[in-house]
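Numbering (UniProt numbering), first residue to last: 1 to 352.
Heads up, the beta-carbon is just placed ideally off N, CA and C, and yes, glycines get one too.
All remarks here apply to the structure that follows.
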Amino acid sequence: MSTYRIASIPGDGIGVDVTAEARQVLDRAGEVHGFRLEWTEFDWSCERYTKTGRMMPEDGIDQLRPFDGILLGAVGFPGVPDHVSLWGLLIPIRRAFAQYVNLRPVRLLPGTTSVLAGREADELEMVIVRENTEGEYSQIGGRHNPGQPGEFAVQESVFTRVGVERIIRFAFELARTRSGRVCSATKSNGIIHTMPFWDEVFAEVAAEYPDVHNEQTHIDALAARMVQHPDRLDVVVGSNLFGDILSDLAAAVTGGLGMAPSGNVNPPGEYPSMFEAVHGSAPDIAGQGIANPVAQILAGAMMLEHLGEKTAAAAVHKAVEEVLAAGSVATPDLGGKSTTTELGAAITDALA
Ligand code: NAD
Ligand code: IPM
Ligand code: MN
Numbered sequence: 001m002s003t004y005r006i007a008s009i010p011g012d013g014i015g016v017d018v019t020a021e022a023r024q025v026l027d028r029a030g031e032v033h034g035f036r037l038e039w040t041e042f043d044w045s046c047e048r049y050t051k052t053g054r055m056m057p058e059d060g061i062d063q064l065r066p067f068d069g070i071l072l073g074a075v076g077f078p079g080v081p082d083h084v085s086l087w088g089l090l091i092p093i094r095r096a097f098a099q100y101v102n103l104r105p106v107r108l109l110p111g112t113t114s115v116l117a118g119r120e121a122d123e124l125e126m127v128i129v130r131e132n133t134e135g136e137y138s139q140i141g142g143r144h145n146p147g148q149p150g151e152f153a154v155q156e157s158v159f160t161r162v163g164v165e166r167i168i169r170f171a172f173e174l175a176r177t178r179s180g181r182v183c184s185a186t187k188s189n190g191i192i193h194t195m196p197f198w199d200e201v202f203a204e205v206a207a208e209y210p211d212v213h214n215e216q217t218h219i220d221a222l223a224a225r226m227v228q229h230p231d232r233l234d235v236v237v238g239s240n241l242f243g244d245i246l247s248d249l250a251a252a253v254t255g256g257l258g259m260a261p262s263g264n265v266n267p268p269g270e271y272p273s274m275f276e277a278v279h280g281s282a283p284d285i286a287g288q289g290i291a292n293p294v295a296q297i298l299a300g301a302m303m304l305e306h307l308g309e310k311t312a313a314a315a316v317h318k319a320v321e322e323v324l325a326a327g328s329v330a331t332p333d334l335g336g337k338s339t340t341t342e343l344g345a346a347i348t349d350a351l352a
């Protein structure tokens, strides 16, 4: 029987609740499909920061290195500035482990309250391939003339050829296994250095994939298209910030943030990959026990798939779909009255 060593970092707010449900579902999947998950839990969070002044220990990255996978809840909570908590945990992990692909699959699930509810599921199945280690997320820049009338802030973006090329290539390879279509999110009409460079690399890589349909759309128009004509999109590749924004948008049109999973993937498998929901710690509903655990459970399914447990991953998907389609157990974001644990338990039971 295979055993996988998994690091669990529940983090903050609803991250803690939804990670507990995901663990339960994944453990059941292991029982049914013949593998074992050996969990190690880390209390790295804003609470830890308040007590110790660090989100994770100094050797945190080294502690994570030997794991087969990482399941992360969410990071960030009022009381600790977001740039401190996120640059103290989530972003360093993505970078240290070269998790340069942030894979965010989007499907129309049953039981959703979305603007597109009622459409056929196969009308809307796309995946956002988000660049995850560079771009607009940089530490270069600064604040100048504080408190003066001429105060200003500068934030630099860094796009390397290696970084842009590998994410675009990943998108084309992925498209070959799906519909054979890639759309690039750009903004080369307004952003005059980085985005024309992105477009140039996109065109170069596209030329190597004559069998894959390629197009590019300005991010603003793409946002509108994602709402009105999402059925004409499949693999959408974007920079770190564009991919971030598009993934919440795509989640919203397919059923809300409670349903959208994500994987921070190191494609060579040289370092552990990390799986998490697209959503954050949701301080507005934290502590109420009403967060939708589906996004985190589906992130767990992505982790199983990544570990090679494809049958188990598919079974988790099926269990989620069955429970959502039945509709009797649903959290408030889905129009129901159930709790996080009730929905998690229903999905766990559906796996048996
Ligand atoms: P958020 O995703 O936490 O919440 C946005 C809205 O969606 C809220 O109204 C929330 O209640 C709702 N929502 C989110 N997940 C839900 C779920 N599972 N079930 C039901 N409703 C859900 O975004 P935010 O408010 O911008 O961020 C809150 C904190 O989380 C911030 O500190 C932010 O930096 C952090 N954050 C962390 C991650 C991460 O760790 N990967 C991701 C996004 C945001
Ligand atoms: C996400 C989040 C993070 C990001 C934040 C919390 C830094 O929004 O994972 O989508 O922008 O990458
Ligand atoms: Mn985001």
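For D12, the number of other beta carbons within 10 angstroms of its own is at least 16, and it is reported as buried. At least 9 Å separates the beta-carbon of M274 from that of P105. The C-beta of A282 has 16 or more other C-beta atoms within 10 Å across all chains shown, which makes the residue buried. By the beta-carbon neighbour count (other beta carbons within 10 angstroms, threshold 16), R143 is exposed. Under the three-state reduction of DSSP, L307 is assigned to helix.
A heavy atom of the ligand MN is found nearer than 8 Å to the CB of G280.
From the listed residues N264, T341 and L249, the smallest Cα separation to Q288 is found for T341.
From the listed residues G34, R5, T19 and R23, the smallest Cα separation to K310 is found for G34. DSSP places R28 within a helical segment (H, G or I) once states are collapsed to three. Per DSSP, G53 is not a residue of any beta strand (DSSP E), being assigned neither H nor E.
Per the coordinates, the alpha-carbon of A223 lies some 31 Å from the alpha-carbon of A319. If you draw a straight line from the Cα of F77 to the Cα of G53, it comes to about 15 Å. Here the alpha carbon of W198 sits roughly 8 Å from the alpha carbon of F159. Cβ atoms of E156 and G135 stay farther apart than 8 Å, at about 10 Å.
Counting only the Cα atoms, L89 lies some 12 Å from G73. When DSSP states are grouped into helix, strand and coil, T133 belongs to the coil group. With a threshold of 8 Å, the Cβ atom of A291 counts as near the ligand NAD, since some heavy atom of the ligand is closer than that. DSSP, read as helix, strand or coil, puts E38 in strand.
Taking C-beta atoms under 8 Å as the contact rule, V227 and F170 fail to qualify, at a distance of about 26 Å. Segment contact: the region 256-266 against the region 47-61, fewer than three CB-CB distances shorter than 8 Å; contact not assigned.
It is roughly 24 Å from the alpha-carbon of G180 to the alpha-carbon of L298. Distance from the CA of N145 to the CA of G243, rounded to the nearest whole angstrom, comes to 32 Å.
DSSP, reduced to helix, strand and coil, places M226 within a helical segment of the structure shown. Remark: the shortest separation between the CB of N102 and any heavy atom of the ligand IPM falls under 8 Å.
With 16 or more other Cβ atoms from the protein chains shown falling within 10 Å of its own Cβ, R23 counts as buried. With a cutoff of 8 Å, L86 counts as near the ligand IPM, since its C-beta is closer than that to a heavy atom of the ligand. Closest by C-alpha distance to R176, out of T194, A203, A207 and D211, is D211. L72: member of the beta strand (DSSP E) spanning G69 to A74, first to last residue. The way I'd put it, the region 31-48 doesn't touch the region 246-255; fewer than three beta-carbon pairs between them come closer than 8 Å.
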